[in-house]
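Colleague:
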Ligand code: EPU
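Numbering (the working numbering), first residue to last: 405 to 830.
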């Protein structure tokens with residue numbers, strides 16, 4: 405198992421330099437899944453070199469695709485895709501495996517998959533997916549821990565109203581509907597930039613999609629052919645947000661390159677209201693830690709609201725802000741558990757219920773050995789370790805690796821003493 409050892413800076417704002425933001429994990433994964441419904445060779449660029457992309461490649465290969473990824477470029481060829489079973493061991497590693505249900509079903513007429521795994525953020529059911537496939541005329545059965553969905557006579561057209569707003573459900577049905585027999589209207593859709601990016605890829609392949617990025621999306625079925633041009637993955641707004649928070653905590657001056665500031669407005673507005681100065685160009689952002697941070701209330705929300713994926717890293721910032729801050733987590737029902745570990749480092753955090761917590765600050769943090777429970781709380785623990793006094797060990801590095809490329813190299817390049825320790829078992 406890998407872990408990070410961080411020599412904390414005791415709150416001293418001494419980090420400086422530039423960091424380049426990778427392509428977005430949560431755009432690369434649905435676009436890789438979407439490539440299955442496209443003929444020819446799709447070539448993606450700016451693909452992050454992270455564990456989840458490797459898992460998605462393996463899942464695609466499992467149904468017959470040819471995938472090669474090197475130096476941020478991934479080629480996906482689909483001419484021999486004819487298998488319908490998602491490798492259960494891999495599918496259980498990442499929630500995004502659920503994205504393949506739509507594309508495998510659309511391509512092969514059948515998909516067999518386990519309940520998808522991924523970060524433990526609460527219950528994370530798949531009812532919206534199952535109900536949606538039923539609405540489009542598919543048959544569902546569940547046996548021995550595996551679901552089988554079939555569309556013997558093809559996917560029907562129709563209308564789905566999502567009773568809960570879901571990012572991957574919106575993407576899954578948008579992808580599958582390109583192969584339906586008649587138009588499909590999706591209502592109460594998520595509006596994340598990654599959904600727009602997936603729609604833009606499909607449109608470049610010949611799809612006719614109206615309304616991606618709004619709450620109603622209409623998909624007209626069409627033949628899809630891979631575009632002749634390279635498809636560039638949009639910048640990762642959550643990685644960028646994570647480095648912004650690092651800058652607000654400990655930055656003398658940190659500049660992010662290759663990012664998309666307009667995807668982060670909820671975060672930058674909140675940071676500014678706390679006293680943080682952020683300057684932006686169309687694709688860079690610079691941030692420094694102010695002498696005093698003012699406490700604030702955040703409420704996570706679907707895009708364009710405050711992203712739930714930055715809630716845990718933001719809590720670390722709130723421990724250093726003056727006064728009482730509050731967090732209302734509205735997207736997931738199990739995403740505040742990490743606060744217990746933050747309290748053990750000296751944070752004054754009180755969890756009132758699975759959705760609500762308050763944090764009083766500022767409090768100095770003390771080094772601790774802690775294991776991140778998921779990608780984003782793991783990153784939050786790296787931030788906490790960086791702020792703290794003393795040497796912390798942050799375990800479960802493999803979870804952080806699911807979403808962040810070379811995180812220790814990037815943090816070290818800004819001046820943070822950090823090392824990765826690899827333990828091998830005999
Ligand atoms: N939900 C249901 N039923 C369903 C599907 C979802 O009740 O069938 C609920 C979930 O339990 C949750 C809410 O709907 O309470 C929203 O979840 P959503 O489906 O939108 O999440 P997701 O699509 O599984 C994506 C990201 C997550 C991110 C969320 C919210 C990808 C691959 N994953 O997940 O990213 O937290 O949207 O923005 O796009 C991460 O990158 O670390 C990560 C967890």
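C-beta: ideal position from N, C-alpha, C; glycine also.
Would residue 768 pass as a contact of residue 793 if the rule is Cβ separation under 8 Å?
Modeller: Translated into the one-based positions of the chain shown, residue 768 becomes position 364. Translated into the one-based positions of the chain shown, residue 793 becomes position 389. Yes, the pair counts as a contact, with Cβ atoms nearer than the cut-off.
Colleague: Can you tell me whether residue 772 is buried or exposed, with buried defined as 16 or more other CB within 10 angstroms of its CB?
Modeller: Numbered from 1 along the chain shown, position 368 holds the residue referred to as residue 772. Buried, because 16 or more other Cβ atoms sit within 10 Å of the Cβ of residue 772.
Colleague: Run the proximity test for residue 590: is its beta-carbon closer than 7 Å to any non-hydrogen atom belonging to ligand 1?
Modeller: Here residue 590 is taken as the residue at index 186 of the chain shown, counted from 1. It does not: the Cβ of residue 590 is nowhere closer than 7 Å to a heavy atom of ligand 1.
Colleague: Per DSSP, which one or two residues make a beta bridge with residue 408?
Modeller: Your numbering for residue 408 matches position 4 in the chain shown. Residue 408 is bridged to 798 and 824.
Colleague: Within 10 angstroms of its Cβ, does residue 618 collect 16 or more other Cβ (buried), or is it exposed?
Modeller: Sequence index remark: in the chain shown, residue 618 carries index 214 (1-based). Counting Cβ neighbours within 10 Å, residue 618 comes out exposed, since fewer than 16 surround it.
Colleague: Buried or exposed, going by whether 16 or more other CB atoms sit within 10 Å of the CB of residue 544?
Modeller: Here residue 544 corresponds to residue number 140 of the chain shown, with the count starting at 1. Exposed: under 16 other Cβ atoms inside 10 Å.
Colleague: Since residue 600 and residue 562 should fall inside the 8 Å C-beta cutoff, what is the C-beta to C-beta distance between them, to a whole number of angstroms?
Modeller: The residue labelled residue 600 in the question sits at position 196 within the chain shown. The residue labelled residue 562 in the question sits at position 158 within the chain shown. With a Cβ gap of about 23 Å, residue 600 and residue 562 do not count as contacting.
Colleague: Just verifying my parser: in three-state terms, what is the DSSP assignment at residue 499?
Modeller: Here residue 499 corresponds to residue number 95 of the chain shown, with the count starting at 1. Three-state result, residue 499: helix.
Colleague: For residue 561, report the span of its beta strand (DSSP E) as first-last.
Modeller: Reading the chain shown from its first residue, position 157 is the one you call residue 561. From DSSP, residue 561 is part of no beta strand (DSSP E); its letter is neither H nor E.
Colleague: Give the C-beta separation of residue 776 and residue 729 to the nearest angstrom, bearing in mind that I take them to be a contact with Cβ-Cβ under 8 Å.
Modeller: Taking the chain shown and counting its residues from 1, the one referred to as residue 776 is at position 372. Taking the chain shown and counting its residues from 1, the one referred to as residue 729 is at position 325. With a Cβ gap of about 21 Å, residue 776 and residue 729 do not count as contacting.
Colleague: Give me the Cα-Cα distance between residue 585 and residue 596, rounded to the nearest whole angstrom.
Modeller: Here residue 585 corresponds to residue number 181 of the chain shown, with the count starting at 1. Here residue 596 corresponds to residue number 192 of the chain shown, with the count starting at 1. C-alpha separation (whole angstroms): 27 Å.
Colleague: Would you kindly report the start and end of the unbroken alpha helix (DSSP H) that includes residue 429?
Modeller: Within the chain shown, numbered from 1, the residue matching residue 429 stands at position 25. Residues 429-438.
Colleague: Could you tell me which residues DSSP pairs with residue 757 in its beta bridges?
Modeller: Taking the chain shown and counting its residues from 1, one reaches residue 757 at position 353. The partner list for residue 757 (beta bridge, DSSP) reads 760.
Colleague: Could you tell me which residues DSSP pairs with residue 551 in its beta bridges?
Modeller: As a first step, residue 551 is located in the chain shown; it is residue number 147 there, counting from the start. According to DSSP, which records beta bridges pairwise, residue 551 is partnered with 517 and 546.
Colleague: Could you tell me which uninterrupted beta strand (DSSP E) segments, each at least 3 residues in length, are contained entirely in the stretch 607-693, listed from first to last along the chain?
Modeller: The stretch 607-693 contains these whole beta strand (DSSP E) runs: 612-614, 620-624, 655-661, 681-684 and 689-692.
Colleague: Going by beta-carbon coordinates alone, are residue 423 and residue 814 separated by less than 8 Å?
Modeller: Indexing the chain shown from 1 puts residue 423 at position 19. Indexing the chain shown from 1 puts residue 814 at position 410. Yes, they are a contact pair.
Colleague: Just to check, is the beta-carbon of residue 579 closer than 7 Å to a non-hydrogen atom of ligand 1?
Modeller: What you label residue 579 is simply residue 175 of the chain shown in a count that begins at 1. It does not: the Cβ of residue 579 is nowhere closer than 7 Å to a heavy atom of ligand 1.
Colleague: For residue 536, which of helix, strand or coil comes out of DSSP?
Modeller: As a working note, residue 536 is residue 132 in the chain shown. Three-state DSSP puts residue 536 in a helix.
Colleague: Quick check: residue 692 and residue 655, are their CB atoms within less than 8 Å of each other?
Modeller: For this step, residue 692 is matched to residue 288 along the chain shown. For this step, residue 655 is matched to residue 251 along the chain shown. Yes, they are a contact pair.
Colleague: Ordered along the chain, which non-local residues of its own chain (more than five positions away) have a Cβ less than 6 Å from that of residue 553?
Modeller: To locate residue 553, count along the chain shown from 1; it is residue 149. Excluding sequence neighbours, residue 553 sits near 509, 515, 537, 542 and 544.
Colleague: Residue 480 and residue 502 - do their beta-carbons sit closer together than 8 Å?
Modeller: Locating residue 502 in the chain shown gives position 98, where the first residue counts as 1. Locating residue 480 in the chain shown gives position 76, where the first residue counts as 1. The answer is no: Cβ separation not under 8 Å.
Colleague: According to DSSP, is residue 701 helix, strand or coil?
Modeller: The count along the chain shown starts at 1 and reaches residue 701 at position 297. Residue 701 falls in the strand class under three-state DSSP.
Colleague: State the DSSP-derived secondary structure class of residue 715, mapped to helix, strand or coil.
Modeller: Within the chain shown, residue 715 is the residue found at index 311, counting from 1. Looking at residue 715 - three-state DSSP - the assignment turns out to be helix.
Colleague: Quick check: residue 665 and residue 672, are their CB atoms within less than 8 Å of each other?
Modeller: Here the question's residue 665 lines up with position 261 in the chain shown. Here the question's residue 672 lines up with position 268 in the chain shown. In contact: residue 665 and residue 672 (Cβ atoms closer than 8 Å).
Colleague: How would you call residue 566, buried or exposed, if buried means at least 16 neighbouring beta carbons within 10 angstroms?
Modeller: Taking the first residue of the chain shown as 1, we reach residue 566 at position 162. Classification of residue 566: buried, given that the 10 Å Cβ count is 16 or more.
Colleague: Nearer than 7 Å: is that true of the beta carbon of residue 695 relative to any heavy atom of ligand 1?
Modeller: Start at 1 with the first residue of the chain shown, and residue 695 comes out as number 291. No, since every heavy atom of ligand 1 falls outside the 7 Å radius drawn around the Cβ of residue 695.
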